[in-house]
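*Asks:*
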Amino acid sequence: MRLPKGIYALGLVSFFMDVASEMVYPLLPLFLVGLGAGAAAVGLVEGVAEATASLFKVVGGRASDRIGARRPFLLLGYGLPGLFRPLLALATQPWHVLLYRFLDRMGKGLRTAPRDALVAELAPKEALGRAYGLHRAMDTLGATLGPLLATLLLPLVGVRGVFWLSALPALLAVSVILLWVKEKPSPPRPLAPLRLQRFSPGYRHFLLVSGIFTLALSSNAFLLLRLHELGLSEEGVTLVYTLYNLAYALLSYPLGGVGDRLGLTTLVGGGFLVYALVYLGFAWAQAPGQGVGLMLLYALYSAAFEGGSRAYLATLIPEGEKASAIGFYHTLVGVLLLPASLLFGGLWQALGSRTAFTAGAGLSLLAFLLFLQRPKEPGRG
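If you read the sequence shown in my numbering, its first letter stands for residue 16, the second for the next number, and so on.
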């Protein structure tokens, strides 16, 4: 079964935006350190950034359901981050980077739930895994190209020049929305207050599991710092991150198909286990080659879980409030990302990276065990 053209258009939007974002992202931890920040400060910046994104996801989701349209939030959410690049390119203090990350992630928050809801509305139910897998694959292909472009441009224009040039693919993302992303808006309608009691037991249980798992999630910035700690250079870290994103992109679509055939719960549960293995590996790694191998295993987790969890979530939510339920899920996860990043950064700074990664692995295993206790619902895979 062919996927609708709108799924490919949304994937192309995410491709261009991730080129823009990932030209910047792998350089930020080392850029922050160069401005005088420590590991705890990196945790603060990343925690605030991700918490901001997720807080605005429920805002974007509820507003999108209320007005019955997704496209305006895509234009706003993808358009604004392109305008914020000068804040980063001109940064001279760590708090300048914090401000940029706050504003950039606000745009991400506004667009995520309406976009994911539009994917769920466009895709046939029997192809949800492939639809989200394709979207994650195109998104991650952009995330692969972004660091590669940054690596090539660094010797020519420097870090700040890369930050300036990253605005160009962001503008291309907005152009694709204007030209090719279409929808059939629903009439505006009032919404009842968002109460968890109205949603299914499976949705509420997945919120609990996801909340615990989120406490295990550190920013990818810490993985990049760990690679540097294992002996990789700045260019080496960027290249490994490119390799990670390439593997992530190549695995996302076929793993989405696996989820459609074997059940999305298999994909999600497997993601919890692989994440725990990766973090245990990073806790005990002693050589750069081991770090590279663990990043490839981390790509397997990302490809299975990022698309699989979104597709699984789409099977648990009501038709009339898809964006609201997706937004609430992302907001819960994002609110917990701040204490998660602060905890991870604090453990690293006080007790070392081994303790921090071991704690993350333990929490992931706890989430997996709780996921096995999910309530049974008819027709859920």
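Glycine included, every Cβ here is placed at the ideal spot set by N, Cα and C.
(1) For residue 371 and residue 384, what's the separation of their Cα atoms in angstroms?
(2) Which runs of the alpha helix (DSSP H) fall wholly inside the stretch 145-212 and span at least 4 residues, in chain order?
(3) Buried or exposed, going by whether 16 or more other CB atoms sit within 10 Å of the CB of residue 147?
(4) Assign residue 140 to buried or exposed, taking buried as 16 or more other Cβ atoms, counted over all protein chains shown, within 10 Å of its Cβ.
(5) Under 8 angstroms between the Cβ atoms of residue 121 and residue 30?
(6) Are at least three pairs of beta-carbons, each pair with one atom in the stretch 54-69 and one in the stretch 173-188, less than 8 angstroms apart?
(7) Quick one: measure Cβ to Cβ for residue 157 and residue 168, integer angstroms, because I've assumed they're closer than 8 angstroms.
(8) Beta carbon of residue 113, beta carbon of residue 60: below 8 angstroms?
(9) For residue 395, which three-state DSSP category applies?
(10) Helix, strand or coil for residue 367 per DSSP?
(11) Taking the C-alpha atoms as reference points, what is the distance between residue 260 and residue 360?
(12) Buried or exposed: residue 101, going by 16 or more other Cβ atoms within 10 Å of its Cβ?
(13) Which first and last residues belong to the alpha helix (DSSP H) in which residue 109 is found?
(14) Give me the residue from 243, 150, 235 and 52 with the minimum Cα distance to residue 109.
(15) Quick one, which of 111, 93, 137 and 97 has its alpha-carbon nearest residue 123's?
(16) Between residue 271 and residue 107, what straight-line distance do the alpha-carbon atoms span, to the nearest angstrom?
(17) So residue 331 is in the alpha helix (DSSP H); what residue range does that whole segment cover?
(18) Would you call residue 299 buried or exposed, if buried means 16 or more other Cβ atoms sit within 10 Å of its Cβ?
(19) With distances taken Cα to Cα, identify the nearest neighbour of residue 308 among 323, 317 and 296.
(20) What span of residues does the alpha helix (DSSP H) with residue 86 cover, start to end?
(21) Please say whether residue 356 and residue 161 have beta carbons closer to each other than 8 angstroms?
(22) How long is the line joining the alpha carbons of residue 188 and residue 280, rounded to whole angstroms?
(23) Does DSSP classify residue 214 as helix, strand or coil?
(24) Under the rule that 16 or more other beta-carbon atoms within 10 Å means buried, what is residue 387, buried or exposed?
(25) Out of 72, 232, 44 and 41, which one is the CA nearest neighbour of residue 12?
(26) Which same chain residues end up closer than 6 angstroms to residue 373 when comparing Cβ atoms and leaving out the 5 residues on each side of it in sequence?
(27) Out of 144, 301 and 79, point me to the one whose CA is closest to residue 202's CA.
(28) If I follow the unbroken alpha helix (DSSP H) through residue 263, where does it start and stop?
(29) Below 8 angstroms CB to CB, which residues in the same chain sit around residue 378 once its five sequence neighbours on both sides are set aside?
(30) Straight-line CA distance for residue 413 to residue 126?
(31) What did DSSP end up calling residue 388 once you bin it into helix, strand or coil?
(32) What does the Cβ neighbour count give for residue 20, buried or exposed, with the cut at 16 atoms within 10 Å?
(33) Count the C-beta pairs between the stretch 36-56 and the stretch 319-327 that are closer than 8 angstroms, then say yes if the count reaches three, no if not.
(34) Got a sec? Which residues, its chain only, sit under 6 angstroms from residue 327 by beta carbon, not counting five neighbours each side?
(35) Buried or exposed, going by whether 16 or more other CB atoms sit within 10 Å of the CB of residue 302?
(36) Could you give the DSSP three-state label for residue 234: helix, strand or coil?
*Replies:* The relevant details are as follows:
(1) 21 angstroms
(2) 182-195
(3) buried
(4) exposed
(5) no
(6) no
(7) In fact, because the Cβ distance is near 16 angstroms, the residues do not count as touching under 8 angstroms.
(8) yes
(9) Low local confidence applies: a pLDDT of 45 at residue 395 is under 50, so the model's placement there is unreliable, and no value is given.
(10) coil
(11) 24 angstroms
(12) exposed
(13) 109-137
(14) 52
(15) 93
(16) 43 angstroms
(17) Here residue 331 belongs to no alpha helix (DSSP H), and DSSP marks it neither H nor E.
(18) exposed
(19) 296
(20) 86-98
(21) no
(22) 32 angstroms
(23) coil
(24) exposed
(25) A question about residue 12 goes unanswered here, because the residues of the chain that appear run from 16 up to 396.
(26) 298
(27) 79
(28) 249-277
(29) 227, 228, 230 and 231
(30) With the chain covering 16 to 396 only, the question about residue 413 has no answer from this structure.
(31) coil
(32) exposed
(33) no
(34) 279 and 283
(35) exposed
(36) coil
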